[in-house]
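For the sequence shown, the UniProt record's numbering assigns the number 1 to the initial residue and increments by one for each residue that follows.
Don't be surprised by glycine CBs; every beta carbon is placed ideally from N, CA and C.
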Amino acid sequence: MEDTLKVDPAVLADYPPWTAKPEIKLPSWGEAIIFVTILFGGMFWTRRRNYSLFGVRKGSYSAVLDRPVRDQPTEEELMSCTSSDNDDGPSTSPTLEKHMAKKRACCGLFTIHTPNTSRFRNHFHSRLFQKFPFVVEQLYWVLNYLFYRMTTVLSNKIFAGEGIWTAARSHALAILGFEQFSWLSFLFPVRELDIQQWFMNGHQDALTFLDRFYALIHIPGSMFFIVWYYYVAPSHATFATVRRTITLTNFMAFCTFVVFPTMPPRLLPKEYGFLDTVHMEDAESLWQAGKYVNSLAAMPSMHFGYSFIIGCTLVYHSGICRTSFEKYESRKTASWKTFYAAMGALYPCILLVTILATANHFILDALMAFFYCCIAFACNKVFFVLLPIEDIFLWLIRAKKPVPSTGERYHARGGRL
1 MEDTLKVDPA VLADYPPWTA KPEIKLPSWG EAIIFVTILF GGMFWTRRRN YSLFGVRKGS
61 YSAVLDRPVR DQPTEEELMS CTSSDNDDGP STSPTLEKHM AKKRACCGLF TIHTPNTSRF
121 RNHFHSRLFQ KFPFVVEQLY WVLNYLFYRM TTVLSNKIFA GEGIWTAARS HALAILGFEQ
181 FSWLSFLFPV RELDIQQWFM NGHQDALTFL DRFYALIHIP GSMFFIVWYY YVAPSHATFA
241 TVRRTITLTN FMAFCTFVVF PTMPPRLLPK EYGFLDTVHM EDAESLWQAG KYVNSLAAMP
301 SMHFGYSFII GCTLVYHSGI CRTSFEKYES RKTASWKTFY AAMGALYPCI LLVTILATAN
361 HFILDALMAF FYCCIAFACN KVFFVLLPIE DIFLWLIRAK KPVPSTGERY HARGGRL
C-alpha cells in the first residue's frame with residue numbers, strides 16, 4: 001500500500017524551484033502582542049460600564065438582554081433556584097438572592113443541591129468578574145488549552161512502544177490510502193497533491209500568502225471572533241450555544257488526537273510528493289511550533305472546524321435564513337446581510353483551500369471536522385452536567401459568577417452591524 005502511494009521520482013525531479021518572494025515575517029513577540037491585545041481589548045470592550053469595581057453596591061446586577069419581562073417571581077422560583085437552559089446567565093431572579101441552595105437537574109434523572117455563591121458577590125474577585133465578565137470566557141479557554149496540552153502527553157504514553165511519529169505516519173498513510181483506493185474514493189475526486197502542485201506551478205506567491213494566512217488566522221482569528229460575537233450576539237444564550245459547540249468540537253478532537261495521532265501531509269517523507277512550504281519560507285507561526293504544540297494532530301482539522309462554526313454563525317447573524325428574531329435583535333440592512341452571509345460562506349472555503357494547498361491536512365481531516373461540528377452542535381447542552389462542579393468551584397474560591405454583559409452596549413447603540 002505504501003509503495004502505491006509514492007510519487008514517481010521523475011515527477012519529483014520536475015518540481016519547479018521555490019521562487020516566491022517571502023512575505024514579511026511577523027516576529028513571535030509580535031504574534032504574542034496581537035493575542036494579548038485581543039484578550040485585554042475584549043475585556044475592556046465588553047466591560048460593565050455602570051458598575052463600580054471598588055464601591056460597595058447593594059443588590060445584584062441583572063443583564064439587559066437576559067432580564068425577565070416580569071418583576072415578580074413565580075411560586076416555583078420562590079421554592080427553588082432551578083437551572084435553566086441558559087447555563088451562563090443568572091441562576092436566580094434578582095429578588096431571590098437569599099443564599100438558598102441551588103437545584104441542579106442532572107440529565108433529567110435526579111436533582112442535586114449546590115451552594116449558592118451570591119453571598120460572595122461583594123468579594124473583590126467577584127466584583128472583578130462582574131466588572132469584566134469576559135474574564136469567565138477566558139477561563140473557559142484556559143481549560144480548553146490545558147486539555148489540549150494533555151493530548152501530547154497521553155498520546156506519547158499510549159504509543160510509547162511503537163513510537164508516536166511512526167504511528168502518526170502510519171495513520172497519515174492509511175488516510176491517504178483510504179481516499180485513493182477505498183470504495184468511498186469517489187468522495188475525493190481531487191487529490192491534495194494536485195491542489196498543492198497547482199499552486200507550485202505558477203501560483204507560488206498565492207501559496208506564500210496562504211502559508212502566512214494558515215499560520216496566523218487560527219488562534220488570533222478565532223479569539224477575535226469570540227470577542228466580537230460576545231459583543232454583538234443577540235443574547236448570551238445564543239453566544240453560549242456557539243461557545244459550547246466549539247468547546248465540544250475541541251474535546252472530541254482532543255480525544256482523537258490522543259488515540260489517532262496523524263502526521264500532516266507536509267511532514268511525510270518526500271517520496272509521497274508533498275512539500276513543506278511552511279518551513280521552506282520560514283512561515284511557521286508561534287502557534288505551530290514549540291513544545292506546547294501538538295504537531296501530530298492533523299485528524300480532524302480544527303482549522304476547518306473552527307472556520308465552519310464561525311461561518312455558520314456569520315450566516316445566522318446575517319439573518320438571511322431566518323424569519324424570526326430574538327428580543328433585542330434588530331433587522332440588518334440588505335448590504336450587511338449580504339456581507340455577513342458572503343463572509344460566512346467564503347471563510348470556511350478559503351480555509352479549506354489553505355489547509356490543502358499548504359499540505360497541513362488531508363481532505364478527510366476536514367470532512368471529519370465537519371461531522372464533529374454537527375455532532376457538537378446537536379449535543380452542546382451536554383456541558384450542563386458540569387454546572388454543579390462549577391457551583392462547587394465558585395464556592396471554594398468564594399466568588400459569585402457574574403451576569404454576562406453579552407451584547408449590552410452593541411444593542412444599546414442600535415445593533416444593526
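Residue i, DSSP secondary structure in three states
{"i": "residue 105", "result": "strand"}
{"i": "residue 260", "result": "coil"}
{"i": "residue 320", "result": "coil"}
{"i": "residue 397", "result": "coil"}
{"i": "residue 10", "result": "helix"}
{"i": "residue 279", "result": "helix"}
{"i": "residue 113", "result": "strand"}
{"i": "residue 359", "result": "coil"}
{"i": "residue 297", "result": "strand"}
{"i": "residue 53", "result": "coil"}
{"i": "residue 311", "result": "helix"}
{"i": "residue 368", "result": "helix"}
{"i": "residue 403", "result": "coil"}
{"i": "residue 160", "result": "coil"}
{"i": "residue 268", "result": "coil"}
{"i": "residue 15", "result": "coil"}
{"i": "residue 4", "result": "helix"}
{"i": "residue 348", "result": "helix"}
{"i": "residue 374", "result": "helix"}
{"i": "residue 122", "result": "coil"}
{"i": "residue 132", "result": "coil"}
{"i": "residue 46", "result": "coil"}
{"i": "residue 274", "result": "coil"}
{"i": "residue 184", "result": "coil"}
{"i": "residue 411", "result": "helix"}
{"i": "residue 69", "result": "Note on residue 69: pLDDT 40, under 50, position unreliable in the model; the coordinate value appears next. Note: residue 69 maps to coil in three-state DSSP."}
{"i": "residue 439", "result": "Residue coverage of the chain in this structure runs from 1 to 417, which leaves residue 439 outside it and unanswerable."}
{"i": "residue 328", "result": "coil"}
{"i": "residue 302", "result": "helix"}
{"i": "residue 388", "result": "helix"}
Per-residue burial, residue i [other beta carbons within 10 Å of its own, 16 or more giving buried]
{"i": "residue 139", "result": "exposed"}
{"i": "residue 236", "result": "buried"}
{"i": "residue 334", "result": "exposed"}
{"i": "residue 348", "result": "buried"}
{"i": "residue 397", "result": "exposed"}
{"i": "residue 131", "result": "buried"}
{"i": "residue 346", "result": "exposed"}
{"i": "residue 13", "result": "exposed"}
{"i": "residue 301", "result": "buried"}
{"i": "residue 277", "result": "buried"}
{"i": "residue 400", "result": "buried"}
Rounded distance between the beta-carbons of residue j and residue i, thought under 8 Å
{"i": "residue 168", "j": "residue 261", "result": "4 Å"}
{"i": "residue 351", "j": "residue 303", "result": "6 Å"}
{"i": "residue 373", "j": "residue 311", "result": "Actually they are not in contact, since the Cβ atoms of residue 373 and residue 311 sit about 10 Å apart, beyond 8 Å."}
{"i": "residue 105", "j": "residue 113", "result": "No, residue 105 and residue 113 are not in contact; Cβ-Cβ is about 11 Å, not under 8 Å."}
{"i": "residue 136", "j": "residue 147", "result": "The pair is not a contact, with the Cβ atoms about 17 Å apart (cut-off 8 Å)."}
{"i": "residue 412", "j": "residue 207", "result": "With a Cβ gap of about 45 Å, residue 412 and residue 207 do not count as contacting."}
{"i": "residue 419", "j": "residue 5", "result": "Since the displayed the chain opens at 1 and closes at 417, residue 419 lies outside it and no answer follows."}
{"i": "residue 364", "j": "residue 179", "result": "6 Å"}
{"i": "residue 344", "j": "residue 227", "result": "About 18 Å separates the two Cβ atoms, so there is no contact after all."}
{"i": "residue 220", "j": "residue 391", "result": "With 8 Å as the limit, residue 220 and residue 391 do not qualify as a contact, their Cβ atoms being about 33 Å apart."}
{"i": "residue 313", "j": "residue 259", "result": "Wrong, their Cβ atoms sit about 29 Å apart, outside the cutoff."}
{"i": "residue 247", "j": "residue 383", "result": "7 Å"}
Member of the options whose CA lies at the smallest distance from the CA of residue i
{"i": "residue 408", "options": "239, 40, 166, 339", "result": "239"}
{"i": "residue 294", "options": "350, 253, 130, 42", "result": "253"}
{"i": "residue 273", "options": "369, 195, 185, 148", "result": "195"}
{"i": "residue 53", "options": "402, 413, 245, 380", "result": "402"}
{"i": "residue 218", "options": "404, 232, 34, 327", "result": "34"}
{"i": "residue 215", "options": "354, 38, 405", "result": "354"}
{"i": "residue 188", "options": "176, 198, 123", "result": "176"}
{"i": "residue 249", "options": "278, 117, 308", "result": "308"}
{"i": "residue 244", "options": "117, 144, 365", "result": "144"}
{"i": "residue 404", "options": "231, 390, 338, 371", "result": "231"}
{"i": "residue 111", "options": "15, 394, 387", "result": "387"}
{"i": "residue 328", "options": "359, 193, 233", "result": "233"}
{"i": "residue 43", "options": "115, 134, 125", "result": "134"}
{"i": "residue 406", "options": "10, 48, 7, 270", "result": "48"}
{"i": "residue 263", "options": "150, 171, 181, 394", "result": "171"}
{"i": "residue 339", "options": "247, 163, 319", "result": "319"}
{"i": "residue 270", "options": "325, 51, 193", "result": "193"}
{"i": "residue 395", "options": "119, 32, 157, 341", "result": "119"}
{"i": "residue 191", "options": "39, 7, 164, 384", "result": "7"}
{"i": "residue 127", "options": "153, 200, 182, 50", "result": "50"}
Scan the segment 192-222 and note each continuous alpha helix (DSSP H) run of 4 residues or more that stays entirely inside, going in chain order. 192-200, 204-216
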